[in-house]
Amino acid sequence: MTTTQTSPQQWARGMLVPGRAAVLDVETTNLNGSIIEICVVDAATGNPLLDTLVDPGEVPIHPDAYAVHGIAPADLIGAPGWATVHQKLLAVTAGRVTLSYHSDFDQGRVLHDCARHSLDPAHLADPEMWGCIMRMRSQAEGTEKNIRLDGGHRAHSDAAAARTVLLSIAEGPSVPTTSTSHSPR
1 MTTTQTSPQQ
11 WARGMLVPGR
21 AAVLDVETTN
31 LNGSIIEICV
41 VDAATGNPLL
51 DTLVDPGEVP
61 IHPDAYAVHG
71 IAPADLIGAP
81 GWATVHQKLL
91 AVTAGRVTLS
101 YHSDFDQGRV
111 LHDCARHSLD
121 PAHLADPEMW
131 GCIMRMRSQA
141 EGTEKNIRLD
151 GGHRAHSDAA
161 AARTVLLSIA
171 EGPSVPTTST
181 SHSPR
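Structure representation (structure tokens):
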């Protein structure tokens with residue numbers, strides 16, 4: 001989302017207007033892999049709009065990814081596939097800015113799975129309809145470092161943690177700091 005001429009605090013406050021934005025997080029089979037868990041929470045309220053495991057089909061979960069999020073193939077038995085989740089994702093993000101802590105990663109994985117299944121990503125393909133909370137946090141703190149998100153590496157806890165950072169940015173310059181870099185799933 002374009003942030004020209006607005007401070008991180010103004011941007012965050014704008015994203016907290018009811019109905020304006022949703023915070024998304026995904027967990028994947030590997031760094032360049034398919035989505036196996038997705039959560040979207042309302043930016044204003046924190047209420048979950050979508051929270052589900054996703055069956056990646058024949059795409060295996062890399063051991064390094066499992067070590068981060070702890071999602072095993074057995075956990076995905078009976079989970080909906082991307083085609084089903086995609087329709088729900090489009091519905092809960094329609095008319096909203098989609099925020100994530102590492103938007104390049106999360107949007108990239110959404111677009112990857114849409115392409116893999118020949119599905120139209122619709123508004124989720126528009127980079128102007130995405131906002132990066134990590135980037136705005138770095139601006140708010142006056143650093144060029146990518147600051148690690150302490151969320152537990154599950155989609156729901158990471159989306160909630162990202163929303164907490166958004167709330168902190170909106171409150172002003174007392175955003176908590178850490179010195180380590182965020183590593184996407």
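Its first residue numbered 1, the sequence shown is counted upward by one per residue in the UniProt record's numbering. The beta-carbon is built from N, C-alpha and C at its ideal position, and this holds for glycine as well.
Residue i vs residue j beta-carbon contact at 7 Å
i           : j           : result
residue 34  : residue 59  : yes
residue 117 : residue 83  : yes
residue 38  : residue 56  : no
residue 27  : residue 115 : no
residue 9   : residue 172 : yes
residue 32  : residue 62  : no
residue 86  : residue 119 : yes
residue 122 : residue 90  : yes
For residue j and residue i, believed in contact at Cβ under 8 Å, the rounded distance
i           : j           : result
residue 22  : residue 43  : 6 Å
residue 40  : residue 159 : 7 Å
residue 151 : residue 15  : Rounded, the Cβ-Cβ distance is 18 Å, inconsistent with contact.
Residue i - partner residues in DSSP beta bridges
i           : result
residue 97  : 21
residue 130 : 98
residue 84  : Beta-bridge pairing links residue 84 to no other residue.
residue 53  : 37
Contact between the segment 120-140 and the segment 48-63 (3+ Cβ pairs under 8 Å)
no
Return the chain-ordered ranges of every beta strand (DSSP E) run that is complete within the segment 14-50 and spans a minimum of 3 residues.
21-28 and 35-42
Quick check: the segment 134-145 against the segment 23-32, are at least 3 beta-carbon pairs closer than 8 Å?
The answer is no - the segment 134-145 does not touch the segment 23-32, with fewer than three Cβ pairs under 8 Å.
Across the segment 161-169 and the segment 93-108, are there enough close Cβ pairs to call them in contact, namely three or more that are closer than 8 Å?
Output reads yes: the segment 93-108 touches the segment 161-169.
Report the residue ranges of all beta strand (DSSP E) runs contained in full by the segment 136-180; include only those spanning at least 3 residues, in chain order.
none
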